[in-house]
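Numbering (UniProt numbering), first residue to last: 1 to 316.
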């Protein structure tokens, strides 16, 4: 860790800040990786202008935000949400530098994040989910694995990072009420029920397919394995979902992602009458405000409720 008054090189300061976030704040690995990318991009921006980190001021910050939104050579424009995260990383870095005595004042105090719209989470219909889950096949070990993975994502609302981090000991499928232990953001644990469809798919995979995959590796405890017997990667999980989506929906797969299955899990629970606090616990949301995004009904559901509930909605 840098000492007060010391003038480290820019990369050393960023490294110390990320260590601080990891050790003292317990920031999750995925968030750390995003912060590292954002801050490295800012260092590249400053280096191209011959300015070091602790000499940057309002003009550099404003120019940087403009570049983030507009894009630059070799870099795509960022959305308002991604720009907001990049600015949060900058503000945190300079607050850290101020606390360490490396700057006399925090130059990012007036740096504001762009307004990000509260967009409705996308969700598949129950019919679309059924088509997707039926598209994986069940003839090979990898097909059984992919079927179990997709059933698990929709059946538990797990994040993709939680699913691929799953170990065999985290599953309890033989109990009267099957459950799984998930470790979410900030290493927070939660116990989530596993529905019968997901339970059956997992059992089929664990009994009929996982041993064959595990024999090719070194005995990892991971539930979901690749063809080398190692823990399944996020990229491979995405590929499995994309393959199923292409079979289910043809070329229209841009709207399908692991997070869409999580959105669908929450949306369908709420449409079925689940209490929002229960859904919050199942999703592992720290705040119910995040879960409330799912309470905004779709036009189709609104129309269905109106036509079936209002006494003069339809004639005859």
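C-beta: ideal position from N, C-alpha, C; glycine also.
Query                                                                                                                                                                                 : Result
Using a Cβ-Cβ cutoff of less than 6 Å, which residues in the same chain neighbour residue 137 once the five nearest sequence positions on both sides are dropped?                     : 143
Return the chain-ordered list of same chain residues with a C-beta closer than 6 Å to the C-beta of residue 286, the five sequence neighbours on each side being excluded.            : none
Label residue 174 either buried or exposed according to how many other C-beta atoms from any shown protein chain fall within 10 Å of its C-beta, with 16 as the threshold for buried. : exposed
Let me know the secondary structure DSSP gives residue 3 once reduced to three states.                                                                                                : Confidence at residue 3 is low in this model, with a pLDDT of 36, below 50, so its placement is unreliable and the value that follows should be read with caution. Of the three classes helix, strand and coil, the one that applies to residue 3 here is coil, per DSSP.
Among 196, 200, 198 and 226, which one has its Cα closest to the Cα of residue 210?                                                                                                   : 226
I need the DSSP call for residue 222, collapsed to helix, strand or coil.                                                                                                             : strand
Could you tell me which residues DSSP puts in a beta bridge with residue 189?                                                                                                         : 183
Using the DSSP secondary-structure output, state which residues sit across from residue 167 in a beta bridge.                                                                         : 222
Label residue 379 either buried or exposed according to how many other C-beta atoms from any shown protein chain fall within 10 Å of its C-beta, with 16 as the threshold for buried. : Lying before the first or after the last residue shown, residue 379 is absent from the chain, which here runs from 1 to 316.
Let me check understanding here. Comparing Cα to Cα, which of 93, 79, 38 and 220 lies closest to residue 168?                                                                         : 220
Applying the 10 Å Cβ sphere with the 16-neighbour rule, what's the burial state of residue 191?                                                                                       : exposed
Check whether the segment 246 to 266 and the segment 196 to 204 are in contact - that is, three or more C-beta pairs closer than 8 Å.                                                 : no
What did DSSP end up calling residue 140 once you bin it into helix, strand or coil?                                                                                                  : coil
With DSSP as the reference, label residue 75 as helix, strand or coil.                                                                                                                : strand
My assumption, with CB atoms under 8 Å, is that residue 84 sits in contact with residue 113. Please give the rounded CB distance.                                                     : 4 Å
In terms of residues, what are the limits of the alpha helix (DSSP H) holding residue 127?                                                                                            : 126 to 133
Tell me which same chain residues have a C-beta within less than 6 Å of the C-beta of residue 158, skipping the five on either side of it?                                            : 182
Which residues bound the alpha helix (DSSP H) around residue 294?                                                                                                                     : Unbroken run through residue 294: none, as it is neither H nor E.
Note down the Cα distance separating residue 241 from residue 44, rounded to an integer number of angstroms.                                                                          : 35 Å
In three-state terms, what does DSSP make of residue 52?                                                                                                                              : coil
Quick one: measure Cβ to Cβ for residue 133 and residue 150, integer angstroms, because I've assumed they're closer than 8 Å.                                                         : 6 Å
Determine which residues share a DSSP beta bridge with residue 172 and list them.                                                                                                     : 179
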